[in-house]
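**Student:** Residue numbers (our numbering), protein chains in the order written: chain A, 1 to 67; chain B, 1001 to 1520.
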Amino acid sequence: MQFSERRNDPQLNQSSGDGDSGTDDRLLQARVQGDRLLAAGDEAIQRALAGSNSEAFLRAGRQQGGQ
Amino acid sequence: MAERLLGVETEYAISGLQGLEAADHRTIIHHLLDLAHTTLRNLQDESPSGLFLENAARLYLDSGMHMEYSTPECANPWDAVRYVEAGNRTLLNLIQKMTDERTPEVVTSCYRVNVDYSGSGATWGCHESYQHRMQGAELPWDLIPHLVTRIIYTGAGGFDPFSSGLRFTLSPRAAHIEHTISSDSTNDRGIYHSKVEPLCAGHNRLHILCGESLCSQLAMWVKFGATCLVVAMAEAGLAPGSAVQLDSPLTALRTVAGDPSMKRPLKMKDPPRRMTAVEIQRHYLAKAEAHCRDTFMPLWAPEVCVQWRRVLDLVASGPKASADALDWPMKLALFSTQAARRGFDWSHLAFWNAVIEDMRREMRLPPDGKPFPLELALSPETPIPALVSRIGKLLKKMGLDWDELRRILLTRNEFFEIDTRFGQLGPGGIFSMLDANGVLNHRVGGIDNIEHAIRNPPVKGRARIRGAVVRRLAGDLEGKWSCGWDRIVSKRHGRLLDLSDPFTEKEDWHDTTVNESQES
Chain A
1 MQFSERRNDP QLNQSSGDGD SGTDDRLLQA RVQGDRLLAA GDEAIQRALA
51 GSNSEAFLRA GRQQGGQ
Chain B
1001 MAERLLGVET EYAISGLQGL EAADHRTIIH HLLDLAHTTL RNLQDESPSG
1051 LFLENAARLY LDSGMHMEYS TPECANPWDA VRYVEAGNRT LLNLIQKMTD
1101 ERTPEVVTSC YRVNVDYSGS GATWGCHESY QHRMQGAELP WDLIPHLVTR
1151 IIYTGAGGFD PFSSGLRFTL SPRAAHIEHT ISSDSTNDRG IYHSKVEPLC
1201 AGHNRLHILC GESLCSQLAM WVKFGATCLV VAMAEAGLAP GSAVQLDSPL
1251 TALRTVAGDP SMKRPLKMKD PPRRMTAVEI QRHYLAKAEA HCRDTFMPLW
1301 APEVCVQWRR VLDLVASGPK ASADALDWPM KLALFSTQAA RRGFDWSHLA
1351 FWNAVIEDMR REMRLPPDGK PFPLELALSP ETPIPALVSR IGKLLKKMGL
1401 DWDELRRILL TRNEFFEIDT RFGQLGPGGI FSMLDANGVL NHRVGGIDNI
1451 EHAIRNPPVK GRARIRGAVV RRLAGDLEGK WSCGWDRIVS KRHGRLLDLS
1501 DPFTEKEDWH DTTVNESQES
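(1) If you measure between the beta carbons of residue 1142 of chain B and residue 1241 of chain B, is that distance less than 7 Å?
(2) By the criterion of Cβ-Cβ separation under 8 Å, what are the contact partners of residue 1416 of chain B in chain A?
(3) Is there a Cβ from chain A that is less than 7 Å from the Cβ of residue 1226 of chain B?
(4) Taking 7 Å as the CB-CB limit, is residue 1061 of chain B close to chain A?
(5) With a threshold of 7 Å between beta carbons, is residue 1117 of chain B in contact with chain A?
(6) Can you tell me whether residue 1006 of chain B is helix, strand or coil according to DSSP?
(7) Using a Cβ-Cβ cut-off of less than 9 Å, give me the residues of the segment 34-55 of chain A that come near chain B, in sequence order.
(8) Applying a beta-carbon distance threshold of less than 8 Å, which residues of chain A neighbour residue 1433 of chain B?
(9) Which complete alpha helix (DSSP H) runs does the segment 1390-1457 of chain B hold, if anything under 4 residues is left out?
(10) Within the same chain, show all residues whose beta-carbon is closer than 8 Å to that of residue 1002 of chain B, passing over the 5 residues directly before and after it, in chain order.
(11) So which residues on chain A does residue 1334 of chain B lean against when the C-beta distance must stay under 9 Å?
(12) Answer yes if the segment 35-44 of chain A comes into contact with the segment 1427-1437 of chain B, meaning at least three C-beta pairs across the two stretches below 8 Å, and no otherwise.
(13) Determine, for residue 1430 of chain B, whether the minimum Cβ-Cβ distance to residues of chain A falls below 7 Å.
(14) Kindly list the residues whose CB is nearer than 6 Å to the CB of residue 1 of chain A, restricted to its own chain and excluding five residues on each side of it in sequence; keep chain order.
(15) Enumerate in chain order the residues of its own chain whose CB-to-CB distance from residue 1353 of chain B is below 6 Å, with the five nearest sequence positions on each side excluded.
(16) In or out: residue 1251 of chain B buried (at least 16 other Cβ within 10 Å) or exposed?
(17) Label residue 1477 of chain B either buried or exposed according to how many other C-beta atoms from any shown protein chain fall within 10 Å of its C-beta, with 16 as the threshold for buried.
(18) Kindly indicate which residue of B:1249, B:1281, B:1498, B:1287 has the alpha-carbon position closest to the one of residue 1269 of chain B.
(19) Under 8 Å: do the segment 1411-1429 of chain B and the segment 1049-1066 of chain B share three or more Cβ pairs, one atom per stretch?
(20) Quick check on residue 1398 of chain B: buried or exposed, where buried means 16 or more other Cβ atoms within 10 Å of its Cβ?
(21) Quick one, which of B:1070, B:1063, B:1155, B:1487 has its alpha-carbon nearest residue 1122 of chain B's?
(22) Indicate whether residue 1010 of chain B and residue 1317 of chain B have their beta-carbon atoms separated by less than 7 Å.
(23) Could you tell me the distance, in whole angstroms, from the CA atom of residue 1508 of chain B to the CA atom of residue 1084 of chain B?
(24) Alpha carbon to alpha carbon, how far is residue 1127 of chain B from residue 1207 of chain B? Give it in angstroms, no decimals.
(25) Which residues in the same chain have their Cβ closer than 8 Å to the Cβ of residue 1367 of chain B, if we skip the five residues on either side of it in sequence?
(26) Among the candidates B:1415, B:1287, B:1450, B:1374, whose CA atom is the shortest distance from the CA of residue 1406 of chain B?
(27) Give the DSSP-derived three-state secondary structure of residue 1055 of chain B in the structure shown.
(28) Pick out the complete alpha helix (DSSP H) segments inside the segment 1252-1308 of chain B, 4 residues or longer, and give them in chain order.
(29) Grab the span of the alpha helix (DSSP H) containing residue 1187 of chain B for me, first residue to last.
(30) From residue 1439 of chain B to residue 33 of chain A, what does the alpha carbon distance come to, in whole angstroms?
(31) I want to verify the contact list: residues of chain A whose CB lies under 7 Å from the CB of residue 1439 of chain B, in sequence order.
(32) For residue 1413 of chain B, go through chain A and note every residue whose CB falls closer than 7 Å to its CB, in chain order.
(33) Can you give me the C-alpha to C-alpha distance between residue 1336 of chain B and residue 1172 of chain B, rounded to a whole angstrom?
(34) Is the segment 1146-1157 of chain B touching the segment 1276-1287 of chain B, taking contact as three or more C-beta pairs under 8 Å?
(35) Given a cut-off of 7 Å, decide if residue 1157 of chain B and residue 1327 of chain B are closer than it, judged by their beta-carbon atoms.
(36) Is the CB of residue 1183 of chain B under 7 Å away from at least one CB in chain A?
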């Protein structure tokens, strides 16, 4: 999805009252999307770190001065 | 409508690993440069270790032995992002070729990362250039409040490299900014970089070095678009920053960078009052919206205003609302998840960072980012017994214990690695994996055809000419051509192509032998 096509963002489309079923749906959708992102993020992190030694990794990329 | 050119320089971190050992960095760089020279159509740069490519971009070895890619001059934010992406793919292609053909035993990776967490105190820059015609001293004051507060959507996210704890920041680069205005770029950097180097005739160039390498197209696009509009308004004499002058820009930068809630008010002057970063950005936006169809604005100004407003609405709703769209909120979400996996509560970090800071000061250790020696501090031989005892009592009251801090410090390097690998080029990068998974919402319509941009220049201005000439002359080794931003020269043939007019549409060749013979 393109950002310019972002729809149903609960944070951008605040509802005025409680019990608005549209708002409930949007909140639910946002939560599902958020959970998907976190699950995918967790999986990506574990894949990226698999077999890595962080100290050696950081040492290998040591920068010697940049702008 | 007025045209305005912009460009982006990206410094890439490159690492090679053979098992747990670091591969020789110089060898890797030597291979990459050699492959660039031999496999990409290019003309030699005027410096010995760089070249201009057929898409009119520049690829070179920069101080600190890192590869740097400068986009060609672009006429709109879509092209600016497109050519940044083309640079990413160019680097990635070179690394894959090197691995396949020359160094199969080395795992070489390339990263869009902004600070070095290995303790070197160094940084990788991502600089922006915006063309303007101002001569006066007003530009810094119109720009600085914008540059300080735009990090709420342009921040790369990461950690303060000078903290001995694990201090999240919207903008790791901010820790390397030490002045409000400075002409230096490797030390004593300023929010506003006052270097004068137009690289063309009849225009000046605003060179911004407090920005960061980003992965989100949206963050990049709004960064370039919004900053272009601020420059245009300043040039038109609207003084867009005059009503939002910060009392202390450097203090404000630190405050904004350290505040994911984005609610902390900043001290303003003339008149003294408080405003949040979001409010300051809305001030600039309102001015841009009021003038977006004026003749001094670029044609695409209205579209920038629409997206700028959407992004500000989004960030004003808190980091969770933009965790799928902007770099720093994305990282914040991932780091929080990883903290839970590693057995500590992310919301306790601010407290633990304050504890470490107190103990570091008491032990008179420098703020150099080296890990805090917690076991020494908690041992029977502790040099700070009174403070440790006081904190111990506080922890008991709060239901916390030292073990949580131990877990944080033990996994500190892992978090630094995650930040670095977030921007790793290619399918192994964390951002790339999320993007491939379809869980992100960062793309901007119209940024496409990246493969085409790798081999072709933008359609406007001198970049189009430069790219075409590079392509045409790349095989003429006899000519000993050298290329710069504003000219292409062959001493052998006595020919010079004048590119000093950034909007030139024709090849303006000169015979240099005439001048030389006249001078002699």
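Glycine residues also receive a C-beta, built at the ideal position from the N, C-alpha and C atoms.
**Tutor:** If we stick to the structure as given:
(1) yes
(2) Simply 54, 58.
(3) no
(4) Residue-level contact by beta carbon fails for residue 1061 of chain B and chain A, as no gap is shorter than 7 Å.
(5) Yes, residue 1117 of chain B counts as interfacial toward chain A.
(6) strand
(7) 34, 36, 37, 38, 39, 40, 41, 42, 43, 44, 45, 46, 47, 48, 49, 52, 53, 54, 55
(8) 40, 43, 44, 47, 48
(9) DSSP runs (the alpha helix (DSSP H)) wholly in the segment 1390-1457 of chain B: 1402-1410, 1412-1422, 1430-1437, 1450-1455.
(10) 1232, 1295, 1296, 1297, 1298
(11) 37, 38, 41, 42, 44, 45
(12) yes
(13) Answer yes: the Cβ-Cβ gap between residue 1430 of chain B and chain A drops below 7 Å somewhere.
(14) Summary for residue 1 of chain A: the model assigns pLDDT 41, below 50, so the residue's position carries little reliability, and this model does not support an answer.
(15) 1165, 1167
(16) Exposed, since its Cβ has fewer than 16 Cβ neighbours within 10 Å.
(17) With fewer than 16 other Cβ atoms within 10 Å, it is exposed.
(18) B:1249
(19) In short, these stretches do not touch, since the Cβ pair count stays below three.
(20) The residue is exposed, with fewer than 16 neighbouring Cβ atoms inside 10 Å.
(21) B:1063
(22) no
(23) Between the alpha carbons of residue 1508 of chain B and residue 1084 of chain B lies a distance of about 28 Å.
(24) Looking at the two C-alpha atoms, the distance is approximately 7 Å.
(25) Setting aside the 5 residues that flank it on each side, residue 1367 of chain B is surrounded in the same chain by 1162, 1163, 1164, 1360, each with a C-beta closer than 8 Å to its C-beta; the list follows chain order.
(26) The shortest C-alpha separation from residue 1406 of chain B is found at B:1374.
(27) In the structure shown, residue 1055 of chain B sits in coil (DSSP, three-state: anything other than H, G, I, E or B).
(28) 1277-1291
(29) It is not in any alpha helix (DSSP H) - residue 1187 of chain B carries neither H nor E in the DSSP assignment.
(30) 7 Å
(31) 36, 37, 40
(32) 54, 55, 58
(33) 17 Å
(34) The segment 1146-1157 of chain B is in contact with the segment 1276-1287 of chain B.
(35) yes
(36) no
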